[in-house]
Amino acid sequence: MARKIPIWEPSDETKSAMAPIDGNEYCGVGESSVVRPKPFFWHDPALHPWGRMQQYTVQLMFGVPGEGDQVAQAFRAGADGISFEQRGPEAIPVADTKIEKTPQDWSENIRAFALANEADDIGIARLDPTWVFEGFEVNLPNIITIAVAHDYNEIKEVPSLPGSPRGIIEVGKQYTRGATVANRLRNYIRAQGYNADSYEGPMAAGLLMIPAAIAGGLGELGKHHSIIHPRFGSSFRLAAVATDMPLKLNEPIDFGADDFCLSCQICTDNCPPAAISDEKQIVRGVEKWHIDFDKCIPFFAEARGCAICIAVCPWSRPGVAKGLLQKIAKKRARSVGK
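Its first residue numbered 63, the sequence shown is counted upward by one per residue in my numbering.
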């Protein structure tokens with residue numbers, strides 16, 4: 063099927079901000095060995111080759127006259143554009159007395175606490191060393207990933223070009239909500255006598271959250287390289303907490319999103335820079351969906367976060383996911399019966 067929109071080209075200023083290296087190779091595309099990811103976009107700009115591009119992106123996000131302050135407030139951005147403020151409580155010390163419960167009981171308590179504190183779902187997985195960026199350490203064994211769903215009526219307003227900031231403001235609000243949940247949950251766990259560290263978006267730290275969320279049962283990876291959740295679709299953001307609290311782990315789920323992506327062309331056809339592939343690729347030793355970094359990031363910068371693929375994903379539309387789940391389940395049942 064032919065694309066319905068022309069392929070977008072970045073401005074000369076945007077091109078000049080890109081690093082003069084292959085971003086896909088840097089991210090591990092074509093690498094047959096299982097290796098840890100390198101620091102990249104949204105890490106400290108000094109840690110990766112796209113520091114200039116990242117600073118340029120932040121300038122576009124927060125610097126549009128009459129809109130930048132609203133966007134910065136949604137993210138609770140600090141003056142440097144790479145730190146954030148007032149996103150939940152400050153960290154407390156770990157309590158001297160450790161409260162003992164079974165992993166099952168603790169997992170139920172953690173879920174109840176998170177959902178009562180503005181999370182929409184959580185997943186729990188054992189840390190895999192390949193989720194930790196080179197140069198960083200995560201020394202706590204269990205990862206709790208936190209999902210916070212978007213308001214579809216707001217996220218559908220992307221791309222957030224100058225004059226249309228609703229989409230990027232919504233993204234900022236949900237990253238702030240996710241960070242607030244993570245920081246509250248970190249403190250709750252510390253108050254029980256266990257170690258816990260929080261991980262917030264959009265800035266990156268030691269933990270690659272997407273594979274942790276998949277391992278924790280929050281969804282499947284879509285061809286747009288975002289997770290598809292069985293209720294929220296792709297319309298949500300992540301935060302995380304690492305802890306040594308004993309927890310019952312969740313299992314990855316398979317509800318048919320990966321199979322659906324094989325035949326769906328919606329995000330592919332609606333991606334202005336044509337950064338989404340119909341073919342899986344080997345990335346750091348694993349075959350999976352992966353976007354073209356060098357095509358995606360320039361548009362991401364100019365569109366102040368893009369998120370078109372998230373908004374147009376059929377799973378993200380209100381009321382659609384339930385019907386898709388039923389349709390896929392019936393199709394699988396017929397296949398088993400043959």
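Glycine included, every Cβ here is placed at the ideal spot set by N, Cα and C. On a predicted model such as this, the values are computed, not experimentally measured, just so you know.
| Query | Result |
| --- | --- |
| Inter-stretch contact at 8 Å, needing at least 3 Cβ pairs: the segment 251-260 / the segment 129-145 | no |
| Residue 183, enclosing beta strand (DSSP E) - first and last residue | 183-188 |
| Counterpart residues of residue 350 in DSSP-defined beta bridges | 343 |
| Beta-carbon spacing of residue 38, residue 80 below 8 Å | Absent from the model: residue 38. The displayed extent of the chain is 63 to 400, so no value can be given. |
| Identified DSSP bridge partners for residue 295 | 291 |
| Straight-line gap, residue 378 to residue 238 (C-alpha atoms, nearest Å) | 20 Å |
| Cα-Cα separation, residue 229 to residue 150 | 23 Å |
| Residue 138 versus residue 235: straight-line alpha-carbon distance, rounded | 9 Å |
| Three-way DSSP call (helix, strand, coil) for residue 282 in this model | strand |
| C-alpha gap between residue 110 and residue 232, whole angstroms | 27 Å |
| Whole-angstrom distance between residue 282 and residue 289, CA atom to CA atom | 5 Å |
| Secondary structure of residue 205, DSSP reduced to three states | strand |
| Exposure of residue 76, with buried meaning 16 or more beta-carbon neighbours within 10 Å | buried |
| Extent of the continuous alpha helix (DSSP H) run through residue 79 | 74-79 |
| Supposed contact pair residue 70 and residue 334 - C-beta distance, whole angstroms, cut 8 Å | 4 Å |
| 8 Å contact criterion, which residue 259 and residue 194 should meet: CB distance rounded | Residue 259 to residue 194, Cβ: 12 Å. No contact. |
| Proximity below 8 Å, CB of residue 210 to CB of residue 182 | yes |
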